[in-house]
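In my numbering, the protein residues as written are 1413 to 1622.
A virtual CB, placed ideally from N, CA and C, is assigned to each residue, including glycine.
Here's what the structure looks like:
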């Protein structure tokens, strides 16, 4: 594994683990340290022969820490533990390795949060019955990449529930996609009531117009 402080592979992993345990701030951190040991071994192996594989291994470690619910504090500090385990030979790689871990961690946290936000837009959460076989839908699905699948699922469930007409309110892109999905399954999209339609702005009259 290259030039280290005399540690063998098992000892290097242990040194890294002990370092991270000192920076753990809650139970999830300690559990994350235990579940990411294989990723740590891979990072230490690639420190001996730096390449793009090292950055990929660091990014993967960051993603796994996020999956395990680790804190940002642990994610930011963990590479320092790798350097302690490996030794001075890896100091020049510290900044890049830390950046790769952070990128993997933040990207995965963002994906997890986006997935959680999308799950809140299920049929039961965004649909309200407003009459016999009639519903109103809040079309605010937040993930533009998943609008088509979401609209198809909402329309399919509405059709299975015997819905015949729907009011659709929300973002234009989402409303348009959902309206098209409703039409495909034979559900009539109702016009927005005049009372809810945007009102024309009333400009004050100028003196000579009065």
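Can you give the Cα-Cα distance for residue i and residue j, rounded to whole angstroms?
| i | j | result |
| --- | --- | --- |
| residue 1508 | residue 1554 | 33 Å |
| residue 1431 | residue 1424 | 11 Å |
| residue 1420 | residue 1584 | 60 Å |
| residue 1526 | residue 1520 | 10 Å |
| residue 1436 | residue 1486 | 6 Å |
| residue 1575 | residue 1597 | 10 Å |
| residue 1558 | residue 1592 | 15 Å |
| residue 1595 | residue 1510 | 50 Å |
| residue 1461 | residue 1505 | 11 Å |
| residue 1552 | residue 1449 | 40 Å |
| residue 1623 | residue 1529 | Given a span of 1413 to 1622 for the chain in the structure shown, any question on residue 1623 remains unanswerable. |
| residue 1580 | residue 1590 | 8 Å |
| residue 1464 | residue 1582 | 44 Å |
| residue 1433 | residue 1522 | 25 Å |
| residue 1476 | residue 1484 | 12 Å |
| residue 1441 | residue 1603 | 52 Å |
| residue 1492 | residue 1499 | 10 Å |
| residue 1573 | residue 1534 | 14 Å |
| residue 1422 | residue 1518 | 29 Å |
| residue 1569 | residue 1426 | 52 Å |
Do you know whose CA, among the options, lies nearest residue i's CA?
| i | options | result |
| --- | --- | --- |
| residue 1601 | 1567, 1533, 1572 and 1435 | 1567 |
| residue 1438 | 1482, 1524 and 1499 | 1482 |
| residue 1469 | 1480, 1478, 1453 and 1571 | 1453 |
| residue 1577 | 1545, 1552 and 1588 | 1545 |
| residue 1564 | 1513, 1588 and 1581 | 1588 |
| residue 1532 | 1492, 1433 and 1562 | 1562 |
| residue 1556 | 1586, 1434, 1534 and 1569 | 1586 |
Does the distance from the C-beta atom of residue i to that of residue j stay below 9 Å?
| i | j | result |
| --- | --- | --- |
| residue 1471 | residue 1536 | no |
| residue 1539 | residue 1550 | yes |
| residue 1497 | residue 1444 | no |
| residue 1599 | residue 1571 | yes |
| residue 1473 | residue 1447 | no |
| residue 1428 | residue 1466 | no |
| residue 1514 | residue 1488 | yes |
| residue 1478 | residue 1524 | yes |
| residue 1403 | residue 1512 | Absent from the structure is residue 1403, since the part of the chain shown begins at 1413 and ends at 1622. |
Is any non-hydrogen atom of the ligand FAD found closer than 8 Å to the C-beta of residue i, if you look at the structure I gave you?
| i | result |
| --- | --- |
| residue 1464 | Within the structure as shown, the ligand FAD is missing, as the structure has no ligands at all. |
Let me check one thing: in DSSP terms, what residues is residue i bridge-paired to?
| i | result |
| --- | --- |
| residue 1543 | 1546 |
| residue 1600 | 1577 |
Inside the segment 1414 to 1496 only - alpha helix (DSSP H) runs reaching at least 4 residues
Fully enclosed alpha helix (DSSP H) runs of 4 or longer: 1421 to 1435, 1439 to 1447, 1449 to 1459 and 1464 to 1479.
Runs of alpha helix (DSSP H) lying entirely within the segment 1550 to 1592, each at least 4 residues, in chain order
Listed in chain order, they are 1559 to 1572.
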